[in-house]
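See below for the structure under consideration.
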Amino acid sequence: MKGRQTLSTLSQRLAGIIILCRKKQGLTQAALAEKAGISRSHLQVIESGKANPRLTTMARLSIGLNVEILVRLFPPGHKKAKRTEVTPQEIERHVAE
3 MKGRQTLSTL
13 SQRLAGIIIL
23 CRKKQGLTQA
33 ALAEKAGISR
43 SHLQVIESGK
53 ANPRLTTMAR
63 LSIGLNVEIL
73 VRLFPPGHKK
83 AKRTEVTPQE
93 IERHVAE
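Here the working numbering is used: the first residue of the sequence shown is 3, the next is one more, and so on.
If you want it as structure tokens, here you go:
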């Protein structure tokens, strides 16, 4: 059960990060979904905290928002953070391959 709570907590944190970044940039869900190449309905589920998106989806959202989502999820100093600098451009290249 503890693992599920952790996964649920991460999903909720991820949702909050995406919503905050999207709103700070003045993007609607539809606009971000289009930029990220995902459906608006999928973004809605992710933003509700009920979805555990695949890494490719998180990479697409990172590119759409021009934000390193994983860095925000595990900021420097977090016990799970083993930080390596990766730019959105590098992510985009790998997603495209």
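Glycine included, every Cβ here is placed at the ideal spot set by N, Cα and C.
Query	Result
Do residue 16 and residue 24 come within 7 Å of each other at the CB atom, strictly closer than that value?	no
Where in the segment 13-76 do unbroken runs of the beta strand (DSSP E), each at least 3 residues long, occur, reported from the N-terminal end onward?	none
Would you call residue 61 buried or exposed, if buried means 16 or more other Cβ atoms sit within 10 Å of its Cβ?	buried
Assuming residue 45 contacts residue 27 (C-beta within less than 8 Å), just tell me the rounded distance between them.	With a Cβ gap of about 14 Å, residue 45 and residue 27 do not count as contacting.
For a test of the three-state rule: what should DSSP assign to residue 8, helix, strand or coil?	helix
For residue 42, I'd like the list of residues in its chain whose CB is within less than 6 Å of its CB, leaving aside the five on either flank, ordered along the chain.	31, 32 and 35
Let me confirm a value: residue 39 is counted as buried when at least 16 other C-beta atoms fall within 10 Å, else exposed. Which label applies?	exposed
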